[in-house]
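Residue numbers (my numbering): 63 to 437.
Input: a single structure, listed below in structure tokens.
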Amino acid sequence: MATGLILGIESSCDETAAAVVRNGREVLSNIVSSQVAMHALYGGVVPELASREHLRNIVPVVREAMRNANLTYADLDAVAVTAGPGLAGALLVGISFAKSLSFGLGKPLIAVNHLEGHIHAVLMQSASSINSNTPTLALVVSGGHTHLYLAQQNEGAWTYRNVGRTVDDAAGEAYDKVAKLLGLPYPGGPWVDRLSAFGDGNAVCFRFAEIDRGTPDAPSFDFSFSGIKTAVLRYVDTHGMRTDAEQRRATIAAATAAGTPLSLEQIRDLCDGRTLDLLSSFQCAVVQNLATTSLRAAARFGVRNLVISGGVAANRALRNRFEQIAAERNLTVAFPSPALSTDNAAMIAAAAWPRLQHGTFATADLNAAPQLRLG
Ligand code: KG4
Ligand code: ZN
63 MATGLILGIE SSCDETAAAV VRNGREVLSN IVSSQVAMHA LYGGVVPELA SREHLRNIVP
123 VVREAMRNAN LTYADLDAVA VTAGPGLAGA LLVGISFAKS LSFGLGKPLI AVNHLEGHIH
183 AVLMQSASSI NSNTPTLALV VSGGHTHLYL AQQNEGAWTY RNVGRTVDDA AGEAYDKVAK
243 LLGLPYPGGP WVDRLSAFGD GNAVCFRFAE IDRGTPDAPS FDFSFSGIKT AVLRYVDTHG
303 MRTDAEQRRA TIAAATAAGT PLSLEQIRDL CDGRTLDLLS SFQCAVVQNL ATTSLRAAAR
363 FGVRNLVISG GVAANRALRN RFEQIAAERN LTVAFPSPAL STDNAAMIAA AAWPRLQHGT
423 FATADLNAAP QLRLG
């Protein structure tokens, strides 16, 4: 008799993660080993280094997840793993480990789409406030993805329809690139988020190039963030802000190398008013664009439940904006807790639960699917 205990494993990008979740909801353990400090030295994720670190970390991370859950491997009902999308070499570490473990234990293996995992990071925490018999609009907004899905549960199984996606950069990627341009640490999203509070979001007027909105009969809900990134670059150049940004980068790097990383206040003091205004204006424009497009889609599909997930869902301005809109329009909006916003394995185990109930298992030839799509 299944007790609903699933070990989830996630290694699609720069976090090696393992978690045990009962019945898709109860998190018994959730271990994340982040490589972010190592990749920060290079200003972005280096795929070869990511695979090597996953190899080094996977065994201790899984052991710790099992220890924290106070379980033995024999107690598990299934092993779930991220099959894609993500970095091929990174995905392969988690998949190879999960396959061997499930084979050795004689327990089923469940393949999970990373994007579905992000959606379940919210659903697992807010199932009571989300009516799963009507479609939910899910915005997955992270460093690699900006996607809109209509998600619906039919007889326990979730189905997804992709109704919008970025045609170029992901929103988190734009955050990271703008932060890098202004000499801020990697990953830049959390820094832009916190520093924006000290600037004026209306100081610089950024317009989103009108991407194809489709026709009235077939509207488009796609996103584009490369234009605003270029507009920030142009602003920095035309206002002579490059030298200051380089100095800021060098000061921050020197402090980090000396083992005394700068605090938010210290980094804020390295930014002049114009830089803080620029960051705040960039953030305002991105948040407004994400909110407007999501609302157009919600209205079009008659959806009353919104779910926002992925690393950028940790953004405070984004949360405030969506919560304000939801209150104005009587919509339900749900976010993951900060710990489940960024990559983790609890969301993978949660997404695997309906598959365990339906007996939908992966076979021994499961392979990494770097471009795996959802819906
Ligand atoms: O979901 P995630 O951990 O990894 C991917 O699947 O990409 O998302 C990481 C992304 C990075 O681009 C990071 O800068 C961004 O999420 N991010 C944020 C915030 N926290 C993380 N962006 C804006 N505001 C934040 N508070
Ligand atoms: Zn992710």
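In this text, a Cβ means the ideal position worked out from N, Cα and C, and glycines have one as well.
Does the beta-carbon of residue i, which I'm using as the reference point, lie nearer than 8 angstroms to any heavy atom of ligand 2?
i	result
glutamate 206	Strictly speaking, residue 206 in this sequence is glycine, with glutamate absent from that position. Glycine 206: yes, Cβ under 8 angstroms from ligand 2.
histidine 180	yes
serine 74	yes
aspartate 230	no
glycine 373	yes
histidine 301	no
threonine 404	yes
histidine 176	yes
For residue i versus residue j, is the C-beta distance shorter than 9 angstroms?
i	j	result
glycine 226	alanine 359	yes
asparagine 367	threonine 394	yes
alanine 236	serine 288	yes
aspartate 405	histidine 209	no
alanine 411	valine 83	yes
histidine 101	valine 107	yes
threonine 65	alanine 219	no
proline 147	glutamine 433	yes
alanine 375	alanine 81	no
arginine 269	alanine 213	no
threonine 221	phenylalanine 285	no
leucine 167	leucine 133	no
alanine 414	valine 174	yes
proline 170	leucine 418	yes
glycine 206	isoleucine 314	no
glycine 105	lysine 242	yes
valine 369	threonine 198	yes
alanine 152	aspartate 76	yes
valine 184	proline 400	no
Verify the contact flag: residue i, CB atom, against every heavy atom of ligand 1, threshold strictly below 8 angstroms.
i	result
cysteine 346	no
valine 123	no
serine 288	no
arginine 129	no
valine 254	yes
glutamate 235	yes
Over what stretch of residues does the alpha helix (DSSP H) that includes residue i continue unbroken?
i	result
asparagine 382	378-391
valine 107	Here valine 107 belongs to no alpha helix (DSSP H), and DSSP marks it neither H nor E.
asparagine 351	335-363
arginine 311	304-319
Could you spell out where the beta strand (DSSP E) holding residue i opens and where it closes?
i	result
asparagine 367	367-371
glutamine 215	208-216
alanine 265	First-last for alanine 265: undefined, no H or E at that position.
serine 96	88-96
leucine 67	67-72
arginine 227	219-227
arginine 84	77-84
Between residue i and residue j, which are expected to be in contact by the criterion C-beta below 8 angstroms, what is the C-beta distance as a whole number of angstroms?
i	j	result
alanine 200	serine 74	So it is not a contact: roughly 18 angstroms between Cβ atoms.
aspartate 238	glycine 250	4 angstroms
valine 202	histidine 182	Contact doesn't hold; Cβ gap of about 11 angstroms is too wide.
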